[in-house]
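Trainee:
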Amino acid sequence: MNISAFGCGKVILFGEHAVVHQHPALAAALDLGVSLTRALPSAHLEVLVDGWTPTQPHDGTRLGEALARIQRTVTDALGPIPPTTLHMRCDLPPGAGLGSSAAWAVAVAQACCLLANPHQPAPAHLILQAADAAERVFHGNPSGVDHTTSALGGVLWFQRGQPHTLQPLDIEPIPVIIAQIEPGADTALMVSRVQQLLDQAPRVAQPLLQTLGELSRHARASLEARDLDALGRWMNIAHGALTALDVSTPALDAACHAARRAGASGAKLTGAGGGGCLLALAPPEHTDAVADALRQQGALLVSITRAGHARRDLALTPGAP
Ligand code: PMV
Numbered sequence: 001m002n003i004s005a006f007g008c009g010k011v012i013l014f015g016e017h018a019v020v021h022q023h024p025a026l027a028a029a030l031d032l033g034v035s036l037t038r039a040l041p042s043a044h045l046e047v048l049v050d051g052w053t054p055t056q057p058h059d060g061t062r063l064g065e066a067l068a069r070i071q072r073t074v075t076d077a078l079g080p081i082p083p084t085t086l087h088m089r090c091d092l093p094p095g096a097g098l099g100s101s102a103a104w105a106v107a108v109a110q111a112c113c114l115l116a117n118p119h120q121p122a123p124a125h126l127i128l129q130a131a132d133a134a135e136r137v138f139h140g141n142p143s144g145v146d147h148t149t150s151a152l153g154g155v156l157w158f159q160r161g162q163p164h165t166l167q168p169l170d171i172e173p174i175p176v177i178i179a180q181i182e183p184g185a186d187t188a189l190m191v192s193r194v195q196q197l198l199d200q201a202p203r204v205a206q207p208l209l210q211t212l213g214e215l216s217r218h219a220r221a222s223l224e225a226r227d228l229d230a231l232g233r234w235m236n237i238a239h240g241a242l243t244a245l246d247v248s249t250p251a252l253d254a255a256c257h258a259a260r261r262a263g264a265s266g267a268k269l270t271g272a273g274g275g276g277c278l279l280a281l282a283p284p285e286h287t288d289a290v291a292d293a294l295r296q297q298g299a300l301l302v303s304i305t306r307a308g309h310a311r312r313d314l315a316l317t318p319g320a321p
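Per the working numbering: the sequence shown = residues 1 to 321.
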């Protein structure tokens, strides 16, 4: 069957955790992600990703539950999905803060829409709705920033609400260094750690979350002015606030400091924290030195890339989740 589907990976530039509590975030798509390689008629709906266990709806795994939710959402809107094996490739390290679960959900949702109705492009609002249902299985209380960025691409201003505020920003991709420092922690666990702090000490946690949201506002202005030095400064402050919220780790802190010592204008963890990836911003003359410094810190993966790729022209329906 000749269909193509893709979910982008993403980095959260600013506002992780704060975005769960209605503060704004800035996220940017990566050109890496999850893509459909082949769709073959089969006895039942099944998803195969290289190196992952095969997934069928309700197979007792979280992926199986997520697949069942995507199947239900798409079937309710477009009719039955012909039984198919979806072969997919994932270029993202799983569970490291680069949005692998959201990219999987978006790519599967898009493929299911195209199978259910090959005569129309997969509707963006339906992809978002189905991916949201899947992300609830993985993350419990997802803000929506991951799968929205995965579906829409580009650089996105996102604020949770009824409906969410989504503003694709007209910004050139930003040169960044992404390093996976440790295996990632469970996002739901890290989100609940912040919730615990909010419950125990709201007057400590709330100002930190508010600061992270304010940094998104400053960062947006700096991005629009293409002031990457200022952007770096906001990143360093954001990492400090995330550390104060207790979602960083000694290894992430050490790697951020090493990146700055090597010439990065800014470095911060990205995603849920508790391990996983950091994001560094460096002027071109220091990029290689920063990447080397991160390798010397024992990074599992270092990528010199650009964030904000692949702006996709999926039409948004007002009120989409
Ligand atoms: O680590 P990731 O890619 O799952 O990012 C999670 C971002 C959070 O703000 C911590 C959670 C959310 O739902 O926005």
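Cβ atoms here follow ideal geometry from the backbone N, Cα and C, with glycine treated the same way.
Spatial neighbours of residue 108 within its chain, please: C-beta separation below 7 Å, excluding the five flanking residues on both sides.
Mentor: The answer, listed in chain order, is 47, 67, 70, 86.
Trainee: For residue 142, is the classification buried or exposed, using 16 other Cβ atoms within 10 angstroms of its Cβ as the cut-off for buried?
Mentor: By the neighbour-count rule (16 or more Cβ atoms within 10 Å), residue 142 is buried.
Trainee: So residue 307 packs on residue 34, CB below 8 Å; how close in whole Å?
Mentor: The Cβ separation is near 17 Å, so there is no contact.
Trainee: With respect to the beta strand (DSSP E) encompassing residue 157, which residues constitute its N-terminal and C-terminal limits?
Mentor: Element bounds for residue 157: 155-159.
Trainee: Please return the same chain residues whose Cβ sits closer than 7 Å to the Cβ of residue 103, not counting the five positions on each side in sequence.
Mentor: Closer than 7 Å at the Cβ level, and outside the excluded window around residue 103, lie 7, 8, 9, 33, 34, 92, 150.
Trainee: Quick check: what's the CA-CA separation for residue 270 versus residue 128?
Mentor: C-alpha separation (whole angstroms): 22 Å.
Trainee: Output yes or no for whether 8 Å exceeds the beta carbon distance between residue 145 and residue 193.
Mentor: Their beta carbons are not under 8 Å apart, which means residue 145 does not touch residue 193 by this criterion.
Trainee: Keeping to the same chain, check which residues put their C-beta closer than 7 Å to that of residue 21; ignore five residues upstream and five downstream.
Mentor: Counting only Cβ-Cβ distances below 7 Å, and skipping sequence neighbours, we find 209.
Trainee: With a threshold of 6 Å on Cβ separation, who are the neighbours of residue 28 within its own chain once the five nearest residues in sequence on each side are excluded?
Mentor: 11, 13, 155, 307, 308, listed in sequence order.
Trainee: Could you tell me how far apart the beta carbons of residue 36 and residue 4 are, in whole angstroms, since I believe they sit closer than 8 Å?
Mentor: Residue 36 to residue 4, Cβ: 6 Å. Contact.
Trainee: Residue 148: beta carbon under 7 Å from a heavy atom of ligand 1?
Mentor: No, Cβ of residue 148 sits at least 7 Å from all heavy atoms of ligand 1.
Trainee: Note down, in chain order, each residue of its chain lying with its Cβ closer than 8 Å to the Cβ of residue 292, except the 5 sequence neighbours on either side.
Mentor: For residue 292, where only same-chain residues beyond five positions count, the Cβ hits under 8 Å are 262.
Trainee: Could you pull out every residue in the same chain whose Cβ sits closer than 6 Å to the Cβ of residue 18, ignoring the five residues on either side in sequence?
Mentor: Excluding sequence neighbours, residue 18 sits near 209, 212, 213.
Trainee: DSSP three-state call for residue 47: helix, strand or coil?
Mentor: Residue 47: strand per DSSP, three-state reduction.
Trainee: With C-beta atoms as the reference, is residue 273 less than 8 Å away from residue 236?
Mentor: Going by C-beta atoms, residue 273 is not nearer than 8 Å to residue 236.
Trainee: Once DSSP output is grouped into helix, strand and coil, what is the label at residue 180?
Mentor: If DSSP states are grouped into helix, strand and coil, residue 180 belongs with the strands.
Trainee: Does the distance from the CB of residue 75 to the CB of residue 177 come in under 8 Å?
Mentor: No. Outside cutoff.
Trainee: Taking 7 Å as the cut-off, is the CB of residue 143 close to at least one heavy atom of ligand 1?
Mentor: Flag set: Cβ of residue 143 near ligand 1.
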